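Notes for the one structure printed next.
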Amino acid sequence: MRRDRRDRRADRAREVAANIPGTVAIRDSKTPDGPILRVPVPSWAAFTSGVVSAGLARSGRRQSR
């Protein structure tokens, strides 16, 4: 999983894995044995595209695919 940067407003970090065929997996890095959110790649792409087009993405952040 690729670790996301920590959120400065809250002590949270996400990890995103795109190495599972057809799936993107997201989890809380502080709870590696906890639940994993799995979404189809097209849904993840639509979500991240929507975040960017709505102006909600932080500048300088890499978009996961």
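For the sequence shown, my numbering gives the first residue as 406, with consecutive numbering after it.
Ideal Cβ positions, reconstructed from N, Cα and C, are used throughout, including at glycine.
None of the values given here were measured: they were computed from a predicted structure.
Start-to-end residues for the alpha helix (DSSP H) that takes in residue i
i, result
"Pro447", "Val446 to Ser458"
Status (buried if at least 16 other CB within 10 Å, exposed otherwise) for residue i
i, result
"Arg432", "buried"
9 Å Cβ cutoff met for residue i and residue j
i, j, result
"Val429", "Ala422", "yes"
"Arg427", "Val446", "With the sequence shown as reference, residue 427 is identified as Gly, and Arg is not the correct amino acid for it. Yes, Cβ-Cβ distance for Gly427 and Val446 is below 9 Å."
N-terminal and C-terminal residue of the beta strand (DSSP E) that residue i is part of
i, result
"Thr436", "Thr436 -> no beta strand (DSSP E), and no H or E assigned at all."
"Ala422", "Arg419 to Ile425"
Anticipated Cβ contact below 8 Å, residue i with residue j, distance rounded
i, j, result
"Ala450", "Val456", "Actually they do not touch by this definition, with Cβ atoms about 11 Å apart."
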